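> Offset between the sequence shown (1-based) and our numbering: plus 13. Quick one: the structure is below, questions incoming.
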Amino acid sequence: MTISGAEAGTSEAASTTSSPIPSGFDGLGLSPEILKAVVDTGYTTPTPIQAQGIPIVLERRDLIGIAQTGTGKTASFTLPMIEMLARGRAKARMPRALVLEPTRELADQVAESFNRYSKYSKLSHALLIGGVSMDDQTRKLDRGVDVLIATPGRLLDHFERGRLMLSQVNILVIDEADRMLDMGFIPDVERICKLLPFTRQTLFYSATMPPEIQRLTDQFLHNPTRVEVSRPATTAANITQELVEIPANDWAKREALRRLIREAEPTLNNAIVFCNRKRDVDVVAKSLTKHGFDAAPIHGDLDQSLRTKTLDRFRAGELKILVASDVAARGLDVPAVSHIFNFDVPIHADDYVHRIGRTGRAGRSGKAFMLASSRD
Ligand code: AMP
């Protein structure tokens, strides 16, 4: 199974050293500064994508990682990237590495991960995402950053205004490529690839490889090594999944949701309610609040600062119920969600797997409910 399998790590890379450095990370080719940062996060064993991917990246080879969120793939590219960049220096407006993410939230999480692992290496980054002021981002670019973490649109925006040069980017990461495809970002990604030096290293991650994605890797990667760590359509064994039959009307659905949440109360630590449409995310969040539940919405049309604030509150345990759309929720790093409520039956099986993958993490047990009428 994808999520728990990833967290179980791999035994292949384990060694018998008694040093304070986590044995499983020893021998991957990472320097003491980075290993120390890894120790600080508490990881002891690399996940399969890390054990297999890190040595390949350090050999400066192109890589196709077939891996979902939850497999530890962020660290699998962030750690060796920090290692490779540690030897050089940032120059004004000339970043040396670029990470492309489909959503602002994912970009945020990569930035957090970068901060965590680079704390003993003197490297800087800028986050170029939509919905926040361009001026702050420009000031950072002017001072010089090693790494850009960006959504494609905002990156091109800065480039077109002449605020940055891409001629020194020698590491490119394209993350969640299939999600980029869903969101219509592939033309932007292609444009960006063409703006970068031909000799760069490209690290490419996708949970699935539809033909459009395959074409992209054929065109822009050189002799890549493929690492596959998960199968897309399976779910974790420690998640209890329940189908709840309801009448096909909106009011009855919301009533059923309230009943399920109330029944779950004794073991409900925090929950995500998924809706298929942004409009319903708002309606459901509002209705839950009106009925006295501690709930807030998150979807792509909401203001960025509000989304960040909501997510921070949820992570900190100050908000109990997050009502979300798939795009907003995919890849969110929210550990230990006890309950998932599928207010709507997801349209794609993959989305179902991603949704309920928010619970049952790291060996904890989780519960997932799906509301469905005979029409569904
Ligand atoms: P990702 O797939 O990069 O989104 O990572 C999923 C989660 O796994 C994140 O919460 C990471 O902090 C965590 N993680 C990454 N690498 C490891 C590891 N080697 N051991 C334990 N947890 C990890």
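Glycine included, each C-beta is placed from N, C-alpha and C at the ideal position. Model, not experiment: these values are computed from the prediction.
1. What residue does the alpha helix (DSSP H) around Ser126 start on, and which one ends it?
2. Looking at Ala99: is its Cβ nearer than 8 Å to the Cβ of Gly157?
3. Taking C-beta to C-beta, are Tyr218 and Ile187 nearer than 8 Å?
4. Taking Asp53 as the reference, give the member of Tyr130, Ala64, Gly83, Ile67 with the closest Cα.
5. Starting from Glu255 and walking both ways along the beta strand (DSSP E), at which residues does that stretch end?
6. Cutting at 8 Å between CB atoms, please list the residues of its own chain near Thr253, excluding the five before and the five after it.
7. Using the rule of at least 16 other Cβ atoms within 10 Å of the residue's Cβ for burial, across every protein chain shown, is Ser146 buried or exposed?
8. Just how far apart, CA to CA, sit Leu43 and Val296?
9. For Arg368, I'd like the list of residues in its chain whose CB is within less than 8 Å of its CB, leaving aside the five on either flank, ordered along the chain.
10. Nearest by alpha-carbon distance to Thr87: which of Asp389, Ala64, Gly101 is it?
11. Just curious, the alpha helix (DSSP H) that Val366 is in, first and last residue?
12. Can you round the beta-carbon distance between Met94 and Ile184 to whole angstroms, since I take them to be within the 8 Å contact cut?
13. For Ala105, does the three-state DSSP call read helix, strand or coil?
14. Once DSSP output is grouped into helix, strand and coil, what is the label at Glu189?
15. How would you write the range of the beta strand (DSSP E) that Leu335 sits in, first residue to last?
16. Does at least one heavy atom of the ligand MG sit under 7 Å from the Cβ of Ala124?
17. For the region 147 to 166 against the region 120 to 134, are there 3 or more C-beta pairs whose distance is under 8 Å?
18. For a quick check, are the C-beta atoms of Val202 and Leu111 less than 8 Å apart?
19. Within 10 angstroms of its Cβ, does Leu48 collect 16 or more other Cβ (buried), or is it exposed?
20. What alpha helix (DSSP H) runs, 4 residues minimum, are completely inside the region 138 to 200?
21. Report yes if the C-beta distance between Pro237 and Asp364 is below 8 Å; otherwise report no.
22. Using alpha carbons as the reference points, say which of Ile67, Thr221, Gly305 lies closest to Met193.
23. Skipping 5 residues on each side, what residues in its chain have a beta carbon closer than 8 Å to that of Glu225?
24. Say the cut is 7 Å; is the CB of Gln227 nearer than that to a heavy atom of the ligand AMP?
25. Look at Val257 and Met383 and say whether their C-beta atoms are less than 8 Å apart.
26. What residue range does the alpha helix (DSSP H) around Val51 cover?
27. Need the endpoints of the beta strand (DSSP E) that Glu225 sits in, please.
28. Grouping DSSP H, G and I as helix and E and B as strand, with all else coil, what is Ile318?
29. If we ignore side chains and look at the alpha-carbon of each, how far apart do Val336 and Leu179 end up?
30. Count the other CB atoms within 10 Å of the CB of Ser318; is the residue buried (16 or more) or exposed (fewer)?
31. Suppose the cutoff is 6 Å on Cβ atoms and the five residues either side in sequence are ignored; what does the same chain contact list for Lys153 look like?
32. Kindly indicate which three-state DSSP category Ala269 falls into: helix, strand or coil?
33. Nearest by alpha-carbon distance to Asn282: which of Arg174, Phe38, Thr372, Glu118 is it?
34. Classify Pro210 as helix, strand or coil using the three-state DSSP reduction.
35. Determine, using beta carbons only, whether Ile62 and Val240 come nearer to each other than 8 Å.
Short version:
1. 117 to 130 is the span of the alpha helix (DSSP H), which, as asked, contains Ser126.
2. No; because the gap between Cβ atoms is not below 8 Å, this pair is not in contact.
3. The answer is yes: Cβ separation under 8 Å.
4. Ranked by how close their Cα comes to the Cα of Asp53, the residues Tyr130, Ala64, Gly83, Ile67 have Tyr130 in first place.
5. DSSP places Glu255 in the uninterrupted beta strand (DSSP E) bounded by 252 to 258.
6. Excluding positions up to five away in sequence, the list reads Ser378, Gly379, Lys380, Ala381.
7. Exposed: under 16 other Cβ atoms inside 10 Å.
8. Each residue's alpha carbon lies about 48 Å from the other.
9. The answer, listed in chain order, is Ile285, Phe287, Asp339, Ala342, Ile353, Asn355, Pro359, Ala381.
10. It is Ala64.
11. 362 to 369 is the extent of the alpha helix (DSSP H) around Val366.
12. Yes, they are in contact, since the Cβ atoms of Met94 and Ile184 sit about 6 Å apart, within 8 Å.
13. Of the three classes helix, strand and coil, the one that applies to Ala105 here is coil, per DSSP.
14. It is coil, neither helix nor strand.
15. It spans 334 to 337 - the beta strand (DSSP E) in which Leu335 sits, taken as one unbroken run.
16. In the structure shown, the ligand MG is absent; the only ligands present are the ligand AMP.
17. Touching, yes.
18. No, Cβ-Cβ distance for Val202 and Leu111 is not below 8 Å.
19. It counts as buried.
20. If we require 4 residues or more, the alpha helix (DSSP H) runs fully inside the region 138 to 200 come out as 147 to 156, 165 to 173, 190 to 195.
21. No, these two residues do not count as a Cβ contact at 8 Å.
22. Nearest of Ile67, Thr221, Gly305 to Met193, Cα basis: Thr221.
23. The beta carbon of Glu225 sits closer than 8 Å to the beta carbons of Leu194, Ile199 from its chain, once the five residues preceding and following it are set aside; these are given in chain order.
24. If you check the C-beta of Gln227 against the ligand AMP, you find no heavy atom less than 7 Å away.
25. Yes, Cβ-Cβ distance for Val257 and Met383 is below 8 Å.
26. Counting along the chain, the unbroken alpha helix (DSSP H) around Val51 starts and ends at 45 to 54.
27. Looking at the DSSP string, Glu225 is not in any beta strand (DSSP E); the run it does join, the alpha helix (DSSP H), is 224 to 233.
28. Inspection of the sequence shows that residue 318 is occupied by Ser rather than by Ile. Note: Ser318 maps to helix in three-state DSSP.
29. Cα-Cα distance, rounded: 38 Å.
30. Ser318 is exposed by the Cβ-count criterion.
31. Here the set comprises Ala139.
32. It is helical.
33. Of Arg174, Phe38, Thr372, Glu118, the residue nearest in Cα terms is Thr372.
34. When DSSP states are grouped into helix, strand and coil, Pro210 belongs to the coil group.
35. Between Ile62 and Val240, the CB-CB gap stays under 8 Å.
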